[in-house]
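Novice: Dumping the structure here so I can ask a few things about it.
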Amino acid sequence: MVKKVQLKQDRNIRLLMVEDNPADARLVQEMLADSANSRKIELTRTGRLKEALELLHNSSFDVLLIDLGLPDSQGLDTLYQIQTAKPSLPVVVLSGHDDEQLALEAVQAGAQDYLVKGQGDGNLLTRALYYAIERKRSEERLAYLAQYDPLTDLPNRALFRERLTRALKLAMRRREPAALIFLDLDHFMDINDTLGHDAGDELLLNVAARLKNCIRAEDTIARLGGDEFTIILGRIIHKEEAATVAEKIIDVMSRPFSLNNNEVFVTASLGIATYPACGGNPETLIKNADTALYSAKAQGRSNYQFYEAEMNVAVSERMVMINDLRHAVQRGEFLLYYQPKLCAKRNEVIGMEALLRWNHPVSGIVLPTQFIPLLEETGLIIAVGKWVLRVACEQNQAWISAGLPPLPISVNISARQFHQKHLVSTVADILNATGLDPRYLELEITESVLLENADNACETLRELHDLGVQLAIDDFGTGYSSLNYLKQFTIHTLKLDRTFIEDIGTNANDAAIVEAVIGLGHSLRLKVVAEGVETEKQLNYLRDRGCDEVQGFYFSCPVPPAEYERWYLNQAQLPRNLFAQQLLRN
Ligand code: C2E
Ligand code: MG
Ligand code: MG
103 MVKKVQLKQD RNIRLLMVED NPADARLVQE MLADSANSRK IELTRTGRLK
153 EALELLHNSS FDVLLIDLGL PDSQGLDTLY QIQTAKPSLP VVVLSGHDDE
203 QLALEAVQAG AQDYLVKGQG DGNLLTRALY YAIERKRSEE RLAYLAQYDP
253 LTDLPNRALF RERLTRALKL AMRRREPAAL IFLDLDHFMD INDTLGHDAG
303 DELLLNVAAR LKNCIRAEDT IARLGGDEFT IILGRIIHKE EAATVAEKII
353 DVMSRPFSLN NNEVFVTASL GIATYPACGG NPETLIKNAD TALYSAKAQG
403 RSNYQFYEAE MNVAVSERMV MINDLRHAVQ RGEFLLYYQP KLCAKRNEVI
453 GMEALLRWNH PVSGIVLPTQ FIPLLEETGL IIAVGKWVLR VACEQNQAWI
503 SAGLPPLPIS VNISARQFHQ KHLVSTVADI LNATGLDPRY LELEITESVL
553 LENADNACET LRELHDLGVQ LAIDDFGTGY SSLNYLKQFT IHTLKLDRTF
603 IEDIGTNAND AAIVEAVIGL GHSLRLKVVA EGVETEKQLN YLRDRGCDEV
653 QGFYFSCPVP PAEYERWYLN QAQLPRNLFA QQLLRN
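Position in the sequence shown (from 1) plus 102 gives the number in this note's numbering.
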């Protein structure tokens, strides 16, 4: 590893002069004494290479001034021996008039400068020495940057390739397996988005430190960029060894990281490709470890996968889908469907939820569970989420303007969207632009989103509350359900997850949970909504337990706006003629 030498400006410069001619040496000494420069030069002198090497070995010097023609060594060979012994030492060659050509070759071979004896004065000499030190320092810095990641000090992509090639050659020669692991942090972008880039950098540093503890000294960890790390296990006996390392990594990553006084939890996904089973050259191994990583992410993160040939199909399907989604945003292939929410007691519509649909040119209507995770991963959710908010608000305002009783519209907000910096101002802007009264907008957030970064979440919820919008916790009961946070968050509504409703009739535990959540919600003065109501029996159970609102296929599935209007006018038995003209568009 390269040391980052920083010369203190006030320290003396320790110079080693290797010059066998006493007259030349004296001349240099006098020139140094004459120099007007403020920094003192501590001079050590010797006349032989052998002694010089000993001195270099035993004490440290900032710069070397050397005559290449010595009693025990001649020409460039002198320089090579010095460089082998002390590769990072700046060297200035002292040459006679007759070997100026040699001095030039010495610079090409790595010396920082050369001086011709008898030319120049003390100031020139000291300046040459300082410049040699600085030049060497920037040369080393450049060489370092070409091979290392400056943040973590780990090898970068270039050095990783080199090491991988070398490891595979060695494995081939020994006829032993090797393994390549690709690692990627799950949801790293969320941390960057919420805590800022400095915190992100600090996290990467901590991750690198933990990774180093999981491998042997002869293995390589590299950072390819972002939150992508690779590990080369140069010598393994069995592929299980790679699995053991992967398990250890997942384990050490699962402990909390502390960043700016925040406890942050991250998980890692890993893909493993072994040599020779998953590829015989660096390119194939890299591609396959990457494929295995994709597969690990798709499996739900925080796990590792060994590469298998079938993975290629799944991964390319994913790639196609991501590509299609990017187009979908540009081509406007998204739609909103609406599903009514009713008051459990009076069977009266009291609001509606906007649910995203993707009208895929080939597959037709695609449900959000199939593409929202990809939107999240690619960051497209920010743009699409904004679109959803705007269209839902526009639609609600249009219904209100057409004379329908004003009701709140619910919009789902995903994790990434919630934790983005500009959520509150985006919501405010959209309300402004559409003219919708904030109380007719409700945002649904899942409980796991709130727990990820509770302090920030609390703040965001308060700001949204201050805007005047309603806030609901969606899918309540599926996350960690900490009762503690319910008190601290400014929310209005709990939406019981539909899996509990589904099992009301058959599972006594679920029925008990439903009853308990309704009680809990009411004691905290929250409204309780049940989603996924499909039968009259479920509706009766919920109504009898005091559940406030219900939503589900029993009343209506999510439908396009025109169909929603027809349904609404039908069931509400509003004076059709009054609104029908304005509402029914087709
Ligand atoms: P969610 O917010 O919990 O929405 C309720 C889901 O339950 C909807 O699925 C709805 O169609 C379905 N559902 C409603 N009633 C019933 C019923 O009686 N039985 C059954 N089996 N299902 C019912 P959908 O539309 O497929 O949406 C799934 C999830 O995708 C939503 O769950 C929500 O988390 C997410 N989502 C939908 N639209 C958006 C959006 O615009 N933005 C974001 N970020 N997420 C969205
Ligand atoms: Mg919802
Ligand atoms: Mg839900």
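Where is the CB? At the ideal position from N, CA and C, for every residue including glycine.
Per DSSP, Thr322 is paired with what?
Specialist: Ile334
Novice: Determine which residues share a DSSP beta bridge with Asn294 and list them.
Specialist: None, per the DSSP bridge assignment.
Novice: Kindly examine ligand 2 and report whether one of its heavy atoms sits closer than 8 Å to the Cβ of Lys639.
Specialist: no
Novice: Considering only their Cβ atoms, is the gap separating Leu151 from Leu172 smaller than 9 Å?
Specialist: yes
Novice: DSSP three-state call for Phe602: helix, strand or coil?
Specialist: helix
Novice: Have a look at Tyr232, Leu227, Asp169, Glu156 and flag the residue whose alpha-carbon is nearest the alpha-carbon of Asp136.
Specialist: Leu227
Novice: Hey, which unbroken runs of the alpha helix (DSSP H) at 4 residues or more fall wholly within the stretch 591 to 677?
Specialist: 600 to 604, 610 to 625, 638 to 646, 663 to 674
Novice: With a floor of 4 residues, list each alpha helix (DSSP H) that falls wholly inside the stretch 258 to 294, ordered by position along the chain.
Specialist: With a minimum length of 4 residues, the continuous alpha helix (DSSP H) runs that stay inside the stretch 258 to 294 are 259 to 276.
Novice: DSSP puts Leu543 in a beta bridge; with which residues?
Specialist: Ile511
Novice: Can you tell which of Thr369, Arg275, Glu478 has the C-alpha that lies nearest to the C-alpha of Ala312?
Specialist: Going by the sequence as given, residue 312 is Arg instead of Ala. The residue with the shortest Cα to Cα distance from Arg312 is Thr369.
Novice: What residue from Val415, Thr186, Glu478 has the CA that sits closest to Asp295's CA?
Specialist: Measuring from the Cα of Asp295, the nearest candidate turns out to be Glu478.
Novice: Can you list every residue whose CB sits closer than 5 Å to some heavy atom of ligand 2, going in chain order?
Specialist: Asn514, Glu546, Asp576
Novice: Is Tyr409 helix, strand or coil when you go by DSSP?
Specialist: Shown here, Tyr409 sits in coil according to DSSP, grouped into three states, outside any helix or strand.
Novice: Quick check on the DSSP output: what are the complete alpha helix (DSSP H) runs of length 4 or more inside the stretch 332 to 407, in order along the chain?
Specialist: 341 to 355, 384 to 400
Novice: Less than 9 Å between the beta carbons of Pro378 and Ala273, yes or no?
Specialist: yes
Novice: What do you get for Ser197, buried or exposed, if any count of 16 or more other CB atoms within 10 angstroms of its CB means buried?
Specialist: buried
Novice: Look up Leu469 in the DSSP assignment and say whether it is helix, strand or coil.
Specialist: coil
Novice: Distance check for Cys380 and Thr386, CA to CA, integer angstroms please.
Specialist: 8 Å
Novice: Going by DSSP, what residue range makes up the alpha helix (DSSP H) through Gln519?
Specialist: If you look at Gln519, you'll find it in the alpha helix (DSSP H) that goes 517 to 521.
Novice: Could you pull the DSSP bridge partners for Val526 from this structure?
Specialist: Residue pairing from DSSP leaves Val526 without any beta-bridge partner.
Novice: Quick check: the stretch 408 to 420 against the stretch 387 to 394, are there 3 or more CB pairs under 8 Å?
Specialist: Judged by pairs of C-beta atoms under 8 Å, the stretch 408 to 420 touches the stretch 387 to 394, as three or more such pairs exist.
Novice: Check whether the Cβ of Glu455 lies closer than 8 Å to any heavy atom of ligand 1, and answer yes or no.
Specialist: yes
Novice: Can you say whether Glu651 is buried or exposed, counting buried as having 16 or more other CB atoms within 10 angstroms of its CB?
Specialist: buried
Novice: How many Å lie between Asn339 and Asp321 at the Cα?
Specialist: Asn is not the amino acid found at residue 339; the sequence shown has Ile there. C-alpha separation (whole angstroms): 14 Å.
Novice: What I want to know is whether the C-beta of Pro660 ends up closer than 8 Å to one or more non-hydrogen atoms of ligand 1.
Specialist: yes
Novice: Rank Asp599, His567, Arg265, Gly623 by C-alpha distance to the C-alpha of Lys589 and give the top, closest one.
Specialist: Measuring from the Cα of Lys589, the nearest candidate turns out to be Gly623.
Novice: Check whether the stretch 502 to 512 and the stretch 467 to 477 are in contact - that is, three or more C-beta pairs closer than 8 Å.
Specialist: Counting C-beta pairs with one atom in each stretch, the stretch 502 to 512 and the stretch 467 to 477 have fewer than three that are closer than 8 Å, which means they do not touch.
Novice: Taking one C-beta from the stretch 241 to 261 and one from the stretch 269 to 286 each time, how about it: are there three or more such pairs within less than 8 Å?
Specialist: These segments do not touch.
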